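Once you know that position 416 of the sequence shown is 1340 in my numbering, the rest is easy, because the numbers rise by one and skip nothing.
Idealized CB from N, CA, C, for every residue including glycine.
Note that the structure is a prediction, hence the values are computed from the model and not measured.
Report on the following structure.
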Amino acid sequence: MTTYFKYYLGFLSIILLSPLNVFSQTTILLDGDSTELRDIGKQMQYLEDTSLKLSIEEIIDNNLETSFKAYTQETINFSSTASAYWLKFRITKTIPGDFYLNVGSAFIDSISLYEFDKTNQLISTRHTGDDLPFNTREIEVGNYLFALDFDVNSTRTFYLRVKSDQPLFFPLRVGTLPNFLDYEHDLDFLQGIYFGFMLLIFLYNLFLYFSTRERIYLYYIAYVFSITWFMASVFGYFFEYFWPNTPFINQIVVVSSGLTMITATLFTQKFLNTKESGSTMHKGSMVFLVIGILVCALVLLGFKIEGLKLSQGGLLIMASYFLILGIRFKLKGYRPAKYYLLAWGALIIGICFAILESLNLTFVMTYLNAMQIGSALEVLLLSFALGDRINMYKKQKEDAQLEALLAAKENERLIQEQNIILEKKVKERTAEVAIRNEELVNLNKEKDMLVNIVAHDLRTPLSHIRLLLQLIDITSLDLTKDQESYLTEIDNSADRLSQMIGRILNIHALETNRVKLKNQILDLVELVKYVVRCFRLTAEDKEIKMITTSQPGSHFVEVDKNYMIQVLENLVSNAIKFSERGSEVILHVKSHDARTYVVVEDQGPGISKEDQKKLFGRFQKLSAQPTEGEASIGLGLSIVKKYIESMDGEINCESELGIGTKFIISFDSKDHLEKVES
């Protein structure tokens, strides 16, 4: 990343420091003084190719030759640019030896070197770069080496074309192969220390993540990986060792800058708890998440230069913003913020030093760049910050545990006091409950007496009333129509009251276990046919067609005959009550999976989901009403359910509004029929 910022202002320095219209060029001598690597940047001439289409034939044309300008810096720096650049230089060899030209960056997409003799004849053409497989390099090292293999006392003119979607920044040097090997040896040693340190930080925090499962460590190792990916790509290590035959991956290296912004933002939000501490600061940090995602999208969509420039500005602003955040949290007394401040301070110092280095305002670091030093210090200090954060939370947890222990002891004392009080109250309440229980037992006895009174004292006068009404010959009396209707209503009311008393007595008998079932193995088909015959006249009076069907085979179940008849009568009666004239009531008997079923189906208004929840309760009035005002007291289905369950059966209801209702009764099937007397 430092390379981004480092190169960003380099082009400005070229404009400020380059004299205009300088066309002179010196010759580079390879002589006895060339025992060390020598920078030749100031002996270059350059030409910008904005069209990216200029060929070597067009470049050596006299019209373009005059367009070359002198370069005034030792280090070649064209910053972030979409253009290709042509560099022209001459080399004269005065002593024998294996000399090499070094393009000192592994981060250049395309490099072409053209060699001409004194007669301006093209001698050789060499192409390489990280857009091509790694084995296209003359010597397979991270930096590019080109052999200067020509005779002593000969002069060659070279044209070097370079193009990169990353910052175009590199030293250009000449020297012998031992010189370069010594340099590469020292470079790899120091870079090994840097990448080894970053790998150690990565693995250590990965271990902490798997140990603690805290998401902050996942964000941190992702942040360390994104920085390491970028730095390893700058020096060509990933390309050389991981994907030497897949140069396409090099084209999306800038994605690592977007990932750095994303992971740094997520880490900061989690580390400083910005979401809980202040909505404004948290929302401000969300901007960098958006920028990071946008950088990744631009690079993947092919807008590499735009993504690069956005990442350069975004990273610098993000580092400054997070530094301000750290200061604010430190002032609020958040202890781990001091390490966080030092970490981001080290990163910003590295960025500033890289900018000064690119402007030639300070010395140029040979083996490491300022961003590496800054990032190494940053990840180290952030590790300290995470450790301090753990210690802080550990201390808070210990304090909380101590407070909890003290509170527990206080609670124990209070509980002991409360237990004494509670024991006293429990004794008092137990005595009260015993009294209430005795009262409930007495009330239950009174209830049983009341039921018995209803059974014996109310049924007798009701029976007399009904008998007297039947003895009255209405046709022989001179009664008005109103008087006749009154007598009819008296008879109907007495009948309904008698039915209600009977059902109440039946429920009471079931609840007090006074009903003794006389189960027999019976054919359900015969019982269904019997009940249908009993309701034939009632159905015909309402113009309802009753249909019975049965699956082939035997349908034997073990039930109490009388109770089963009452169950079927109740269901058939309800089906007729709630059916419109001209509709059908269907009874179907079937057996499968060792169960025998009776389905009573009508074409009535149906039962809503809400009504189905209270369908089998006592005295429940549902929204659907009998079609012609028939009586319904809400006890029938509750009695049906109790009868069926007492005979080890099941009853279910399926209904759809406007379609009709099915009541499904099922019992365990039996294999034979036991003959019984009716």
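What's the C-alpha gap between residue i and residue j?
i       : j       : result
Lys1586 : Leu1446 : 23 Å
Glu1230 : Ser991  : 28 Å
Asp1415 : Leu1391 : 10 Å
Ser1590 : Ile1425 : 28 Å
Asn1172 : Ile1032 : At residue 1172 the sequence reads Phe, which differs from the Asn that was named. In a straight line, the C-alpha of Phe1172 is about 13 Å away from that of Ile1032.
Phe1612 : Ile1140 : The question about residue 1612 has no answer here: the residues shown for the chain are numbered 925 through 1602.
Phe947  : Leu1056 : Residue placement at Phe947 is flagged as unreliable, the pLDDT there being 39, under the threshold of 50; a coordinate-derived value is accordingly withheld.
Ser1387 : Val1452 : 30 Å
Gln1045 : Arg1080 : 10 Å
Phe1502 : Arg1353 : 51 Å
Arg1291 : Pro1095 : Correcting the residue identity first, residue 1291 is Tyr in this sequence and not Arg. About 12 Å.
Ile1215 : Asp1054 : 27 Å
Trp1268 : Arg1252 : 14 Å
Lys966  : Leu1224 : 37 Å
Assuming residue i contacts residue j under a Cβ cut-off of 8 Å, what Cβ separation, rounded to an integer in Å, is found between them?
i       : j       : result
Leu1072 : Lys1017 : 7 Å
Leu988  : Glu982  : 6 Å
Tyr1487 : Tyr1567 : 5 Å
Ser1029 : Asn1067 : 7 Å
Leu1441 : Ser1562 : Incorrect: roughly 18 Å between the Cβ atoms, too far for contact.
Arg1085 : Ala994  : Arg1085 to Ala994, Cβ: 18 Å. No contact.
Met1316 : Arg1259 : 6 Å
Ile1151 : Leu1130 : Not confirmed; about 15 Å, so no contact.
Phe1162 : Trp1153 : 7 Å
His1271 : Glu1302 : Inspection of the sequence shows that residue 1271 is occupied by Leu rather than by His. About 4 Å separates the two Cβ atoms, so the contact holds.
Phe1308 : Ala1294 : 21 Å between Cβ atoms; not a contact.
Ser1135 : Lys1087 : With a Cβ gap of about 47 Å, Ser1135 and Lys1087 do not count as contacting.
Leu1218 : Leu1232 : Their Cβ separation, rounded to whole angstroms, is 12 Å, which puts Leu1218 and Leu1232 out of contact at 8 Å.
Met1122 : Val1158 : About 13 Å separates the two Cβ atoms, so there is no contact after all.
Gly1099 : Arg962  : 6 Å
For residue i, count the other beta carbons within 10 Å of its own beta carbon; 16 or more makes it buried, fewer makes it exposed. Which is it?
i       : result
Arg1097 : buried
Asp1572 : exposed
Ala1518 : exposed
Arg1460 : exposed
His1479 : buried
Gln1342 : exposed
Asn945  : The pLDDT assigned to Asn945 is 36, lower than 50, so where the model puts this residue is not dependable, and the model offers no usable value.
Leu1385 : According to the sequence as given, residue 1385 is Pro; it is not Leu. Result: exposed.
Gly1298 : buried
Gln969  : buried
Thr1473 : exposed
Gly1584 : buried
Phe1212 : buried
Asp1592 : exposed
Gly1238 : buried
Nearest by alpha-carbon distance to residue i: which of the options is it?
i       : options                               : result
Lys1594 : Ile1297, Gly1528 and Thr1520          : Thr1520
Gly1208 : Ala1030, Leu1249 and Phe1058          : Leu1249
Arg1014 : Leu953, Leu1265, Tyr970 and Leu1364   : Leu953
Glu1525 : Gly1477, Lys1533 and Glu1580          : Glu1580
Asp1532 : Phe1308, Thr1412, Lys1348 and Gly1582 : Residue 1532 is actually Ser in this sequence, not Asp. Checked all of Phe1308, Thr1412, Lys1348 and Gly1582; the closest Cα to Ser1532 is Gly1582.
Val1513 : Phe1082, Ile1117, Asp1484 and Val1523 : Val1523
Glu1464 : Glu1508, Gly1477 and Tyr1165          : Glu1508
Glu972  : Trp1010, Thr951, Ser1004 and Asp955   : Trp1010
Ile1047 : Val1357, Phe1074, Tyr1143 and Met1470 : Phe1074
Met1242 : Lys1199, Ala1188, Leu1266 and Phe1195 : Ala1188
Asp1312 : Lys1194, Lys1538, Ala1261 and Glu1578 : Ala1261
Leu1196 : Lys1254, Val1179, Asn1361 and Gly1238 : Lys1254
Lys1485 : Asn1443, Gly1506 and Thr1184          : Asn1443
Leu1025 : Phe1113, Phe1070, Asn1059 and Thr1049 : Phe1070
Under DSSP, the beta strand (DSSP E) around residue i begins and ends at which residues?
i       : result
Val1065 : Premise fails: Val1065 is in no beta strand (DSSP E) and is neither H nor E.
Pro1095 : Leu1092 to Thr1100
Ile1047 : Leu1046 to Thr1052
Arg1457 : Careful: Arg1457 lies outside any beta strand (DSSP E), inside the alpha helix (DSSP H) at Leu1448 to Cys1458.
Tyr1521 : Arg1519 to Asp1526
Gly1584 : Gly1584 to Lys1594
Asn1498 : First-last for Asn1498: Lys1485 to Lys1501, but that is the alpha helix (DSSP H), not the beta strand (DSSP E).
Lys1012 : Ala1008 to Lys1017
Leu1403 : That residue, Leu1403, is in no beta strand (DSSP E); it is neither H nor E in DSSP.
Ile952  : Thr951 to Leu954
In the DSSP assignment, find the alpha helix (DSSP H) that holds residue i and state where it starts and stops.
i       : result
Trp1153 : Arg1139 to Val1158
Ala1243 : Lys1228 to Leu1255
Val1179 : Val1179 to Leu1196
Leu1511 : Premise fails: Leu1511 lies in the beta strand (DSSP E), Glu1508 to His1516, not in any alpha helix (DSSP H).
Lys1087 : First-last for Lys1087: Ser1078 to Lys1087, but that is the beta strand (DSSP E), not the alpha helix (DSSP H).
Leu961  : No alpha helix (DSSP H) holds Leu961; DSSP gives it neither H nor E.
Phe1162 : Tyr1161 to Tyr1165
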